[in-house]
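To start, the structure itself, in structure tokens.
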């Protein structure tokens, strides 16, 4: 096993410890870190929830989650016992102020046992409305005053709009220092997303052409092939713009568009991302219809199965105007990107699950080639696929073998296929970063608010203007016609990647 520096002693308290996120994602990720010897030498994981569990029953419940969802199922046997020696359950009602003292007592006990003051991490894997009250109670504990070792992790959604995000930031920064607050967006933990920075800034090949002189436009697609999966009540108050564009998609856009950082210091990288958000051209409310399209799926067929329309889903208003699809055209007004459109789209029940970024380069001049060469002429393209495939492909022109000067577009692909087992899940990367106190991949207060500012004019316009044509796309399609028109007006079309398997 490779030797690497492990994080310092840590105690991880997971609020919502009996919930789905911990069962499917957090514990399997922590278990993988344990197998790869990334967990601290001394660590404890404490699930906190209202459900009645003995520690034994709780461990059995989580073991089932690992065997279903861990990427390391094959080598799991034999290590459960060692891992679960570090896992306990604390039944606690988050509304009961007295019980928070039990957390402080637990930390004290471990401190004496280990002979060192550990990192204390509070992971709030709970419904958004519970976050403020839990944070306030934690803030009263003395150990939360320790900026260097106590951290709080907040899952998205971070606020419901600009005002609520600002209010939540005010509350949290009143209780904790900014460096203690880790606002988590699991997209940023994905290996290919992190590779965007390496691709851009570690290669002299790309950075000189990464600007308006060479790039024609950029597309970001985050398509889901699933529907609501029982989350109608949540989604009805969210919608595609809040659920995907405000966080995941704008974060990807920041990675693609940011200036080169002078170092990999967390705040330096986050400063550069905020600069992108602040440079996005504000969309005036009267221009929203020209820059943004919304959609909602009706009933239909998906891969041979009949599916119900959004308005017939459980927990959804039969006259709902919540969008399940959103496409927006953004501009970044700075020296690098002036005039380059960024087209983004996301939707549910799309033809295939696919998250990818496409950098479309400008056409090379064709006049030097005979007319038959121009027939199959394609401009260069760089595609970064994030899921389900993880790869980076470059399309360039090459001569077709034979006596004529005929050009064909060919692809050069780097993929992670061969290293699947060794590619960490997003939550593994992010949990390790929290234990190490590295905030690079987490959102700062100003970033969150800047992202809300970008989409507020669209949100407010859509909320005050009912769509006349909902539902306006069928399942197993690429969304509403208006989205094709949005990009076609500029002479472009959406790029859909063929499934690779």
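Residue numbers (the working numbering): 1 to 501. A virtual CB, placed ideally from N, CA and C, is assigned to each residue, including glycine. For clarity, every value in this text was computed on a predicted model and none was experimentally measured.
Residue i - DSSP class collapsed to helix/strand/coil
{"i": "residue 10", "result": "strand"}
{"i": "residue 177", "result": "coil"}
{"i": "residue 268", "result": "helix"}
{"i": "residue 160", "result": "coil"}
{"i": "residue 229", "result": "coil"}
{"i": "residue 296", "result": "coil"}
{"i": "residue 110", "result": "helix"}
{"i": "residue 76", "result": "At residue 76, the pLDDT of 49 sits below 50, so the modelled position is not reliable; the number obtained from the coordinates is stated separately. Three-state DSSP puts residue 76 in coil, outside helix and strand."}
{"i": "residue 132", "result": "helix"}
{"i": "residue 251", "result": "helix"}
{"i": "residue 432", "result": "helix"}
{"i": "residue 216", "result": "strand"}
{"i": "residue 46", "result": "strand"}
{"i": "residue 409", "result": "strand"}
{"i": "residue 490", "result": "coil"}
{"i": "residue 304", "result": "coil"}
{"i": "residue 234", "result": "helix"}
{"i": "residue 116", "result": "coil"}
{"i": "residue 312", "result": "helix"}
{"i": "residue 1", "result": "Residue confidence is low: residue 1 scores 46 on pLDDT, short of 50, so the model does not pin down where it sits. Its coordinate-derived value is still stated next. If DSSP states are grouped into helix, strand and coil, residue 1 belongs with coil."}
{"i": "residue 347", "result": "strand"}
{"i": "residue 148", "result": "coil"}
{"i": "residue 274", "result": "helix"}
{"i": "residue 53", "result": "coil"}
{"i": "residue 288", "result": "helix"}
{"i": "residue 87", "result": "strand"}
{"i": "residue 495", "result": "coil"}
{"i": "residue 256", "result": "helix"}
{"i": "residue 139", "result": "helix"}
Per DSSP, the bridge partner or partners of residue i
{"i": "residue 330", "result": "342"}
{"i": "residue 203", "result": "Residue 203 is not bridged to any residue."}
{"i": "residue 243", "result": "Looking at the DSSP assignment, residue 243 forms no beta bridge with any residue, so it has no partner."}
{"i": "residue 61", "result": "None; residue 61 has no bridge partner."}
{"i": "residue 382", "result": "359 and 394"}
{"i": "residue 183", "result": "154 and 443"}
{"i": "residue 223", "result": "347 and 354"}
{"i": "residue 103", "result": "DSSP lists no partner for residue 103."}
{"i": "residue 280", "result": "332"}
{"i": "residue 121", "result": "12 and 151"}
{"i": "residue 23", "result": "Answer is none; residue 23 lacks a bridge partner."}
{"i": "residue 325", "result": "295 and 347"}
{"i": "residue 387", "result": "355"}
Proximity below 7 angstroms, CB of residue i to CB of residue j
{"i": "residue 153", "j": "residue 184", "result": "yes"}
{"i": "residue 14", "j": "residue 22", "result": "yes"}
{"i": "residue 281", "j": "residue 333", "result": "yes"}
{"i": "residue 123", "j": "residue 89", "result": "no"}
{"i": "residue 461", "j": "residue 284", "result": "no"}
{"i": "residue 58", "j": "residue 65", "result": "no"}
{"i": "residue 43", "j": "residue 86", "result": "yes"}
{"i": "residue 244", "j": "residue 346", "result": "yes"}
{"i": "residue 294", "j": "residue 323", "result": "yes"}
{"i": "residue 337", "j": "residue 257", "result": "yes"}
{"i": "residue 362", "j": "residue 343", "result": "no"}
{"i": "residue 431", "j": "residue 9", "result": "no"}
{"i": "residue 206", "j": "residue 212", "result": "no"}
{"i": "residue 249", "j": "residue 222", "result": "yes"}
{"i": "residue 467", "j": "residue 278", "result": "no"}
{"i": "residue 475", "j": "residue 331", "result": "no"}
Whole-number beta carbon distance between residue j and residue i, since they are thought to touch under 8 angstroms
{"i": "residue 255", "j": "residue 196", "result": "4 angstroms"}
{"i": "residue 309", "j": "residue 471", "result": "5 angstroms"}
{"i": "residue 169", "j": "residue 435", "result": "That pair is no contact at about 24 angstroms."}
{"i": "residue 26", "j": "residue 125", "result": "6 angstroms"}
{"i": "residue 97", "j": "residue 137", "result": "6 angstroms"}
{"i": "residue 409", "j": "residue 395", "result": "5 angstroms"}
{"i": "residue 146", "j": "residue 266", "result": "Contact doesn't hold; Cβ gap of about 19 angstroms is too wide."}
{"i": "residue 225", "j": "residue 353", "result": "4 angstroms"}
{"i": "residue 457", "j": "residue 288", "result": "6 angstroms"}
{"i": "residue 399", "j": "residue 162", "result": "The Cβ separation is near 54 angstroms, so there is no contact."}
{"i": "residue 139", "j": "residue 175", "result": "3 angstroms"}
{"i": "residue 236", "j": "residue 444", "result": "With 8 angstroms as the limit, residue 236 and residue 444 do not qualify as a contact, their Cβ atoms being about 30 angstroms apart."}
{"i": "residue 192", "j": "residue 385", "result": "7 angstroms"}
{"i": "residue 325", "j": "residue 473", "result": "6 angstroms"}
Cβ of residue i within 7 angstroms of any chain D Cβ
{"i": "residue 178", "result": "Chain labels in this structure do not include chain D; a single protein chain is all it has."}
**Asked** Which runs of the alpha helix (DSSP H), 4 residues or longer, sit entirely within the region 414 to 488?
**Response** 426 to 436, 445 to 464 and 481 to 488
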